[in-house]
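Peer 1: Right, I'll just put the structure down here and ask away after.
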Amino acid sequence: MLVAWRFRKREKSFIQWFDPRAWIRFYLCFLVSTLAFWDVRFLLPFFAVSIFVLATSGVKWYEMKRAFLFIVGFVFFFAFLTFLTGRGGTEVYKTEHLIRQLKAPFTILGWTPTLDITVERAFFGVSQFVRVFSIAIMTILIPYSLNPALYGITFKGLGLPDNIAYAMDLTMRFIPTFGRDFQLTMDAQRARGYELEKISGGLIAQVRKLGPLMVPVTIHAIIGSEDIIDAMDLRAFGVGPRTWLDQLTYHRRDRILVAFGVLILVASLVAGFWGLGSFWVPAQLLALAGR
Amino acid sequence: MDKKFTNVLISLVVILAIFGIVMFALGTQTIGPFNFSVDQATLVMRFVFVVLGLLIAFAVYWFTRENAAWEVGTREVVWMAIGAALYAVFSWLFNGTVFVVPSLSQVSLRPAIAIPMFFGYAFGPVVGFFSGAVGNMFGDALTGFGLSPQWSIGNGLVGFVAGMAMLFKDKKKSMDTVLWISGVLALLTVVLFFLNRGQKNALFFDPANNIFGDATISIFAGVAILVGFVLVLAVRFGFAKNEDIAAAVTWGMLGNIVGILFASLSDIFINGFSLAAAIVGEFLPAAGPNLIFAAILVPLFVGAYAAVRKQSGR
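Keeping their order, the protein sequence lines are chains A and B. Here the first sequence is numbered in this note's numbering, starting from 5 and rising by one per residue. Here the second sequence is numbered in this note's numbering, starting from 65 and rising by one per residue.
Given below as structure tokens:
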């Protein structure tokens with residue numbers, strides 16, 4: 005049995021107002037454009053777009069609460085870690101201006117934990133948060149908004165041949181199904197006394213103990229595939245050009261959306277080519293650091 | 065052009081297109097301390113290595129194009145999807161934050177790698193390649209590590225080479241050749257490890273202790289590939305009568321070495337790593353443990369699948 009992503013048709017959803025092919029094209033343009041910048045002033049419009057899309061998506065808070073909190077927590081955690089360690093930012097800035105140095109009043113084996121708060125680290129953390137958050141929000145909404153029944157025709161509409169479009173369609177459909185199968189298998193094994201959390205022993209023993217989880221899920225998937233293969237063969241899959249049950253039609257609004265996406269993409273690439281949008285820190289913060 | 069040629073060519077071009085779209089969209093992502101950021105110059109280099117990986121796959125196809133292993137029909141399409149989805153799900157579960165499988169002496173457990181090896185061996189190189197490449201891409205996206213396209217192609221090559229077993233009529237002879245090649249490569253890389261003991265383990269991340277790929281590689285991580293090789297040898301000769309298990313593990317081993325070596329060596333050109341950093345810092349900590357999985361999990365998959373085939377008669 006296939007388990008679907010948490011899609012449902014939503015009233016007045018901005019995303020669902022568009023053809024899924026148009027939305028995927030806009031989404032890809034949005035991603036590339038966002039990644040062209042490290043300057044938070046350039047990133048803020050993208051942030052605003054992602055917030056607008058989130059607010060108008062029609063996805064209820066209770067539906068996406070877990071996923072949303074996980075993603076935001078993840079993004080925040082790593083942005084904060086970057087702020088603490090300074091790692092990751094050295095790719096985009098070379099010098100740092102110290103605002104304050106915090107030293108722990110204790111030492112660990114002769115080492116004093118020290119936190120250098122610099123203008124660049126702090127602002128890189130902010131830029132990183134805005135950048136990744138914008139992308140994450142746009143990404144997280146897709147499974148809630150894109151009808152699984154339209155995956156195949158959408159990939160086909162994006163130019164992939166039938167075989168690959170259908171393989172991609174199935175891959176996306178199988179992921180939640182196998183996630184669910186894994187959970188069921190783990191529950192069944194737990195009922196038999198298997199405890200993944202208490203996996204112990206040497207490396208080889210640990211690997212061997214993963215078998216009771218991975219093998220049943222994999223073999224069950226392969227056995228289940230026979231039904232899908234039979235169904236596809238009975239419908240003469242691959243014999244001729246595939247027809248799709250649902251047809252997608254481009255409307256004027258879809259063309260406008262794609263054109264808008266291409267426009268911001270071109271503008272972003274041109275801006276990047278001219279050296280605009282690279283990492284920026286406010287002069288006021290640099291003044292704070294005594295520069 | 066015959067249909068088979070067109071199918072394979074289209075598959076490779078499409079995979080290239082998918083990677084092109086996805087890597088230019090996400091390939092420059094930096095997530096916190098994990099340095100996946102790429103400037104425009106390295107982005108192009110990454111794309112070059114995606115093309116190179118696909119050319120390797122195409123060259124192998126071209127020289128063996130008459131073989132039935134290259135057929136892509138309904139079954140292969142479904143198996144590709146299953147392999148990729150399973151690899152993505154297992155990567156998300158075991159390599160991410162859902163189940164924190166402990167690492168031993170810097171050797172983190174990545175059991176999911178057994179999936180492309182098994183799918184490649186059981187269902188052919190095209191299925192293996194798709195499972196490894198697309199599965200790794202989706203898995204990375206799910207895990208939140210960001211995307212590293214040349215590593216996805218490397219994972220694709222793991223499944224692809226494992227599937228090359230189908231191209232040889234004499235399984236036993238091909239296995240022996242594969243063992244020799246893999247043994248020599250494993251030995252060479254371990255020698256490099258002993259010549260560069262101070263090298264950092266670029267794949268070892270331990271946020272709790274503020275370690276992000278800057279710890280010196282441990283002796284176990286350095287020689288894990290030899291441990292894996294010995295285990296593969298044990299399976300090869302321990303299951304001498306069950307040719308399928310022996311061949312799956314042996315070809316899986318070569319796939320692992322070739323695929324991970326491809327991805328690691330690409331970092332010499334992409335990230336400016338030295339040969340020692342690429343081999344000792346990246347290849348050994350990844351390929352060594354993978355071999356241990358190949359030796360233990362792949363036989364379990366092959367055995368279980370053989371039982372199912374016997375039962376269903378397919």
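Think of the CB as a built atom: it goes at the ideal place given N, C-alpha and C, for glycine as much as any other residue. Just so it is clear, the structure is predicted and the values come from calculations on it, not from any experiment.
#1: Measuring alpha carbon to alpha carbon, tell me which residue in S195(B), Q263(B), M228(B) and N320(B) is nearest S246(B).
#2: Taking the alpha helix (DSSP H) that K69(A) falls in, what are its first and last residues?
#3: Just tell me which of N200(B), A152(B), G117(B) and M181(B) has its CA closest to the CA of I356(B).
#4: Can at least three beta-carbon pairs, one atom from the segment 280 to 288 of chain A and one from the segment 30 to 44 of chain A, be found at a separation below 8 Å?
#5: Please state whether DSSP places W284(A) in a helix, a strand or coil.
#6: In this structure, does DSSP put Y31(A) in helix, strand or coil?
#7: Classify Q20(A) as helix, strand or coil using the three-state DSSP reduction.
#8: Restricting to Cα atoms, I'd like to know which of A312(B), G345(B) and F347(B) is closest to P363(B).
#9: Are the C-beta of I121(A) and some C-beta of chain B separated by less than 8 Å?
#10: Using alpha carbons as the reference points, say which of G137(B), W126(B), F127(B) and F347(B) lies closest to I233(A).
#11: So, is Y369(B) buried or exposed, given that buried needs 16 or more other C-beta atoms within 10 angstroms?
#12: Could you give the residue range of the beta strand (DSSP E) that holds T118(A)?
#13: Could you tell me the distance, in whole angstroms, from the CA atom of V254(B) to the CA atom of I343(B)?
#14: State the beta-bridge partners of R104(A) as determined by DSSP.
#15: Output the distance between the C-alpha atoms of G323(B) and A121(B), rounded to the nearest integer angstrom.
#16: Report all residues from its chain with a CB closer than 7 Å to the CB of G161(A); omit the five preceding and five following residues, and keep chain order.
#17: Classify D331(B) as buried or exposed, calling it buried when 16 or more other Cβ atoms lie within 10 Å of its own Cβ.
#18: When you compare the segment 69 to 89 of chain A with the segment 129 to 137 of chain A, are there three or more beta-carbon pairs, one atom per stretch, that lie closer than 8 Å?
#19: If you reduce the DSSP assignment to three classes, tell me which class K13(A) lands in.
#20: Answer yes or no: do M142(A) and V57(A) have a C-beta to C-beta separation smaller than 8 Å?
#21: With a 10 Å radius around its C-beta and 16 neighbouring C-beta atoms as the bar for buried, classify T99(A) as buried or exposed.
#22: F224(B) lies in the alpha helix (DSSP H); which residues open and close that run?
#23: Report the residues of the segment 230 to 264 of chain A with a CB closer than 8 Å to any CB of chain B, ordered along the chain.
#24: Please report how far the alpha carbon of A287(A) lies from the alpha carbon of H101(A), in whole angstroms.
#25: So, helix, strand or coil for T280(B), using DSSP?
#26: So what does DSSP say about W1(A), is it helix, strand or coil?
#27: Please classify F264(A) as buried or exposed, where buried requires at least 16 neighbouring CB atoms within 10 angstroms.
#28: So, for F257(B): in the same chain, excluding its five sequence neighbours on each side, which residues have a beta-carbon less than 8 Å away from its beta-carbon?
#29: Just curious, the alpha helix (DSSP H) that I232(A) is in, first and last residue?
#30: List, in order along the chain, the chain A residues whose C-beta lies closer than 8 Å to that of T138(B)?
#31: How should I95(B) be labelled, buried or exposed, when 16 other C-beta atoms within 10 angstroms of its C-beta is the threshold for buried?
#32: Which value, in whole angstroms, describes the spacing of the CA atoms of V102(B) and I75(A)?
#33: With a cut-off of 8 Å, does the C-beta of F357(B) fall near any C-beta of chain A?
#34: What are the boundary residues of the alpha helix (DSSP H) that D43(A) is part of?
#35: Could you work out which residue in L116(B), L221(B) and D240(B) is closest to V190(B) when comparing CA atoms only?
#36: Would L90(B) pass as an interface residue toward chain A - the criterion being a Cβ-Cβ separation below 8 Å?
Peer 2: The relevant details are as follows:
#1: N320(B)
#2: W65 to T89
#3: Of N200(B), A152(B), G117(B) and M181(B), the smallest CA-CA separation from I356(B) is found for M181(B).
#4: The segment 280 to 288 of chain A is in contact with the segment 30 to 44 of chain A.
#5: coil
#6: helix
#7: helix
#8: A312(B)
#9: Taking 8 Å as the threshold, the shortest C-beta distance from I121(A) to chain B does not fall below it.
#10: G137(B)
#11: buried
#12: Its beta strand (DSSP E) spans residues T118 to T122.
#13: C-alpha separation (whole angstroms): 9 Å.
#14: I121(A)
#15: 11 Å
#16: R25 and L252
#17: buried
#18: yes
#19: Residue state, collapsed to three classes: coil.
#20: yes
#21: exposed
#22: P213 to G227
#23: E230, I232, I233, M236, D237, F241 and G242
#24: Using only the alpha carbons, I get a separation of about 12 Å.
#25: It is a strand residue.
#26: The question about residue 1(A) has no answer, for chain A in this structure spans 5 to 295.
#27: exposed
#28: Q263, I281, G286, V287, I343, V344 and L348
#29: Segment G215 to L238, the alpha helix (DSSP H) holding I232(A).
#30: I233, M236, D237, F241 and G242
#31: Here I95(B) scores only 35 on pLDDT, less than 50, and its place in the model should not be relied on; the value that follows carries that caveat. Its Cβ being crowded by 16 or more others within 10 Å, I95(B) is buried.
#32: Confidence is the limiting factor: at V102(B) the pLDDT is only 41, short of 50, which leaves the residue's position unreliable and the question unanswerable from this model.
#33: Yes, its Cβ sits closer than 8 Å to a Cβ of chain A.
#34: No alpha helix (DSSP H) contains D43(A), which DSSP labels as neither H nor E.
#35: Out of L116(B), L221(B) and D240(B), L221(B) has the C-alpha closest to the C-alpha of V190(B).
#36: Summary for L90(B): the model assigns pLDDT 45, below 50, so the residue's position carries little reliability, and this model does not support an answer.
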